[in-house]
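**Q**
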């Protein structure tokens with residue numbers, strides 16, 4: 471059984487983030503020695519079922535993987551690209567659920583993925599509210615920058631992808647300097663396209679379709 475240690479936990483409202491890394495052996499399994507593109511994934515609406523506007527996944531019982539997500543992540547692992555989750559979870563700062571609940575949700579998510587041969591490099595959360603004016607809350611690129619720095623500068627950010635289900639994620643990708651993929655398995659819908667204030671680089675129905683595209687894209691380079 472894998473043990474996941476929680477780092478950088480500070481008081482609510484302090485400018486920090488939560489990180490759930492894989493054990494070093496698994497990190498080395500998906501990590502290469504040279505600079506390479508990474509895949510950044512939003513969580514709610516991409517990996518698990520979107521809880522609804524203004525709502526949160528507050529405990530593991532409420533967490534539901536979307537179809538084919540485990541297969542999608544395992545497919546991306548074959549290319550040996552580091553995968554990170556980058557997610558806003560302001561429910562902690564709002565007192566809707568605790569840091570301990572977030573830890574339990576993440577630990578169970580990673581264990582479930584691992585049982586299906588799917589691995590993540592690390593999971594980064596911003597637990598602040600918009601009014602906290604932190605540097606890590608999307609659409610700011612603080613969490614992505616932290617992920618890149620923790621990977622010892624071996625990520626080619628220009629060739630990296632951010633897969634999200636909101637325009638906020640598209641803005642985050644632009645701020646970080648990576649390519650954006652918008653999926654329609656969560657918040658955003660294609661029917662709203664005429665109202666978008668930013669255009670993603672690519673759109674797909676879900677993470678599995680996006681993963682198949684990314685693999686073909688890499689093979690073509």
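Numbering (my numbering), first residue to last: 471 to 691. Think of the CB as a built atom: it goes at the ideal place given N, C-alpha and C, for glycine as much as any other residue.
Quick check: does the Cβ of residue 560 come within less than 7 Å of any heavy atom belonging to the ligand SAH?
**A** Absence of the ligand SAH is noted for the structure shown, with no ligands found whatsoever.
**Q** Express the C-alpha separation of residue 518 and residue 530 in angstroms, rounding to a whole number.
**A** Their Cα atoms are separated by approximately 11 Å.
**Q** In the DSSP assignment, what residue or residues form a beta bridge with residue 572?
**A** BP columns for residue 572 are empty, so no partner.
**Q** Determine the contact status of residue 642 and residue 670, defining contact as a CB-CB distance below 8 Å.
**A** no
**Q** Would you kindly work out how many angstroms separate the C-alpha atoms of residue 591 and residue 649, rounded to a whole number?
**A** 19 Å
**Q** In whole angstroms, give me the CA-to-CA distance for residue 645 and residue 611.
**A** 6 Å
**Q** Taking the alpha-carbon of residue 613 as reference, which of 536, 559, 680, 579 has the nearest alpha-carbon?
**A** 559
**Q** Is it buried or exposed for residue 452, if we count other Cβ within 10 angstroms and need 16 for buried?
**A** The structure shown does not extend to residue 452, since the chain spans only 471 to 691, so no value can be given for it.
**Q** For residue 541, does the three-state DSSP call read helix, strand or coil?
**A** helix
**Q** According to DSSP, what are the bridge partners of residue 514?
**A** Residue pairing of residue 514 in beta bridges, as defined by DSSP: 518.
**Q** So residue 634 packs on residue 640, CB below 8 Å; how close in whole Å?
**A** 7 Å
**Q** If you check the beta carbons only, do residue 627 and residue 594 fall under 8 Å apart?
**A** no
**Q** Rank 599, 681, 521 by C-alpha distance to the C-alpha of residue 535 and give the top, closest one.
**A** When each option's Cα is compared against that of residue 535, the closest is 521.
**Q** Using DSSP with H/G/I as helix, E/B as strand and the rest coil, what is residue 416?
**A** Nothing about residue 416 can be reported from this structure: the residues present for the chain run from 471 to 691 only.
**Q** Within 10 angstroms of its Cβ, does residue 598 collect 16 or more other Cβ (buried), or is it exposed?
**A** buried
**Q** Quick one: give me the first and last residue of the alpha helix (DSSP H) that residue 685 is part of.
**A** 677 to 690
**Q** Nearest to residue 584 by alpha carbon, out of 607, 544, 596, 554?
**A** 544
**Q** Which same chain residues, not among the five before or five after residue 658, have their C-beta less than 7 Å away from its C-beta?
**A** Result list for residue 658: 635, 636, 637, 652, in chain order.
**Q** Can you tell me which of the three DSSP states residue 499 falls into?
**A** Note that residue 499 has pLDDT 48, beneath the 50 cutoff, so the model's placement of it is unreliable and the number below is only indicative. Looking at residue 499 - three-state DSSP - the assignment turns out to be helix.
**Q** Please state whether the Cβ-Cβ distance between residue 505 and residue 540 is less than 8 Å.
**A** no
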